[in-house]
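Numbering (this note's numbering), first residue to last: 2 to 369.
Beta carbons are placed, not taken as given, at the ideal position from N, Cα and C, and that holds for glycine.
Bear in mind that the values here come from a model prediction, so they are computed numbers and not experimental data.
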Amino acid sequence: MATIELRDVIKSYGGAEVIHGVSLDIADHEFMVFVGPSGCGKSTLLRMVAGLETITGGDILIGDRLVNALEPRYRDIAMVFQDYALYPHMTVRENMAFGLRMRKAPASEVEEKLAEAADILQITPLLDRKPGQLSGGQRQRVAMGRAIVRRPSAFLFDEPLSNLDAKLRVDMRTQIKRLHALLKTTTIYVTHDQVEAMTLADRITVLRNGHIEQVGTPFALYERPANLFVAEFIGSPAMNMVKAYYVVEGDRAEAVIRDDLRIALPPYGVQNGTEVVLGIRPEHLEPSQFRPHGNAMTFPATTKILEPLGSDVMALCELSGVELTARLTPGRVSRSGESVDLVFDTAHVHLFDAEGGQRIEALGAEAA
Ligand SMILES: Nc1ncnc2c1ncn2[C@@H]1O[C@H](COP(=O)(O)OP(=O)(O)OP(=O)(O)O)[C@@H](O)[C@H]1O
Ligand SMILES: [Mg+2]
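Encoded structure:
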């Protein structure tokens with residue numbers, strides 16, 4: 002088991018810097034997810050931790066040991082890739098045992114660890130098959146089996162589920178979560194799927210353009226995104242974003258979206274007239290009958306496009322010329338063009354500075 006620490010890590014390819022000084026502490030047993038759009042540097046960071054990529058600047062420590070110049074095989078980590086990287090000519094058993102045999106582990110130990118890993122991953126019946134005779138999900142489990150037989154001090158996953166179909170991806174996600182609950186091995190898991198990030202992570206690191214935007218628990222990122230980028234990235238469907246002005250009149254504060262669309266707000270520590278972006282998650286817009294509520298304001302809206310998901314209906318609604326997505330209960334709305342009264346739960350409104358995109362906290366919210 003091990004902590005992993007990145008200290009001001011920089012990576013350049015040729016003259017181009019792609020990781021711009023990333024610092025991060027990952028605790029022993031922690032499941033850390035790196036998430037962010039394509040090209041933001043997730044794989045590069047992971048590969049530097051693994052030792053598959055040199056680092057241009059800064060330090061990487063695994064279990065308090067400086068590993069900057071240490072070869073991958075001495076770092077005591079195991080990596081699982083998207084493409085499994087199994088040896089096609091070897092059986093599952095041979096694939097899984099390969100790392101241990103290379104390290105000259107005694108045959109009895111190899112047998113014991115292999116049986117245990119195969120049992121955890123429910124692949125015992127597949128041990129004598131070759132990778133070509135397995136489904137995608139089974140191959141992915143073998144790749145994980147190969148990682149866990151070694152009992153490394155950390156697992157590194159790079160988009161391990163992205164080649165699987167949607168249902169299998171959900172099954173494997175549960176498997177990985179169960180595996181982590183059982184082994185508690187420190188893990189870094191790279192994905193660009195924010196649902197995977199939310200469901201697996203103890204903490205999430207949101208990356209953009211080679212730097213960290215925010216680090217926190219899934220709940221913290223969801224409830225208090227530090228900026229517009231994180232707010233738009235975390236949550237599905239995405240948070241509604243509406244431009245407005247923050248206006249104070251006497252002891253009343255409002256977000257003025259249009260003259261006829263004003264949302265009462267608690268006081269914020271910004272100047273009267275500041276241009277802001279108001280963020281409202283789809284689940285915080287509901288038809289009025291459902292939430293008679295102290296902090297609620299009701300506005301007449303019209304449904305435009307309905308997306309029934311079974312448990313909810315995503316409804317794109319128009320409200321005085323502004324389009325917002327609302328997560329509605331099935332049966333509340335039945336067609337586009339229907340009138341609904343939408344309730345804004347102002348206790349759940351997020352406010353961002355329109356210029357820099359940073360989150361603005363309501364006065365007193367910091368202490369809460
Ligand atoms: N060998 C390389 N030479 C030059 N540039 C590279 C190299 N590898 C990666 N890059 C650049 O570094 C940046 C980060 O790439 P990286 O592969 O880490 O992104 P990523 O977040 O894993 O993206 P994806 O989600 O698409 O896998 C990108 O701009 C990429 O073009
Ligand atoms: Mg990648």
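Straight through space, the alpha carbons of V207 and V216 are spaced by roughly 6 angstroms.
Judged by their CB atoms, D159 and S44 are nearer to each other than the 8 angstroms cut-off. When the beta-carbon positions are compared, T218 and D203 come within less than 8 angstroms of each other. The Cβ-Cβ distance between L127 and Q139 falls below 8 angstroms. Ranking A119, T192, H90, L46 by CA distance to the CA of I20 puts L46 first. In the three-state reduction of the DSSP assignment, T175 falls in the helix class, which pools H, G and I.
For the options E319, L157, K12, the alpha carbon positioned closest to that of T304 is the one of E319. In the three-state reduction of the DSSP assignment, N96 falls in the helix class, which pools H, G and I. Minimum Cα-Cα distance from A51 among the listed residues L279, E18, N69, G358 corresponds to N69. Beta-carbon to beta-carbon, V34 and Y190 are separated by about 5 angstroms, close enough to satisfy the 8 angstroms threshold. Around the CB of E308, fewer than 16 other CB atoms lie within 10 Å, so the residue is classed as exposed. If the five residues before and after R48 are omitted, its C-beta is found closer than 7 angstroms to the C-beta atoms of E54, all from its own chain and listed in chain order. Straight-line spacing of the CA atoms in E255 and P268 works out to 9 angstroms. When the five nearest sequence neighbours on each side are left out, the beta carbons in the same chain lying within less than 6 angstroms of the beta carbon of T186 are those of F156, in order along the chain. About 5 angstroms separates the CB atoms of A148 and V81; that is less than 8 angstroms, so the two are in contact. In the three-state DSSP reduction, T125 falls in the helix class (H, G or I). Annotation for G58: I11 place their beta carbon closer than 6 angstroms to its own, counting only its chain and skipping 5 residues before and after. In terms of side-chain proximity, the C-beta atom of E160 is found nearer than 7 angstroms to a non-hydrogen atom of ligand 2. As the crow flies, the alpha-carbon of E276 is around 10 angstroms from that of I258. For the options E233, R253, R74, G64, the alpha carbon positioned closest to that of D29 is the one of G64.
Between the stretch 270-286 and the stretch 224-243, the count of C-beta pairs closer than 8 angstroms reaches three or more; the two stretches touch. Distance from the C-beta of V93 to the nearest heavy atom of ligand 1 is not below 7 angstroms. Here the alpha carbon of F32 sits roughly 14 angstroms from the alpha carbon of I78. For V191, the distance from the CB to the nearest heavy atom of ligand 2 is below 7 angstroms. As the crow flies, the alpha-carbon of R66 is around 26 angstroms from that of L180. Counting other Cβ atoms within 10 Å of its Cβ, R142 reaches 16 or more and is therefore classed as buried.
Boundaries of the alpha helix (DSSP H) around V196: 195-201. In the three-state scheme derived from DSSP, where H, G and I count as helix and E and B as strand, L46 is classed as helix. Shown in chain order are the residues whose CB sits closer than 5 angstroms to a heavy atom of ligand 1: Y14, V19, S39, G40, C41, G42, K43, S44, T45, H193.
Taking D60 as reference, the option from V350, S39, S24, A221 with the minimal CA-CA separation is S24. Note on T192: 16 or more other CB atoms within 10 angstroms of its CB, so buried under the neighbour-count rule.
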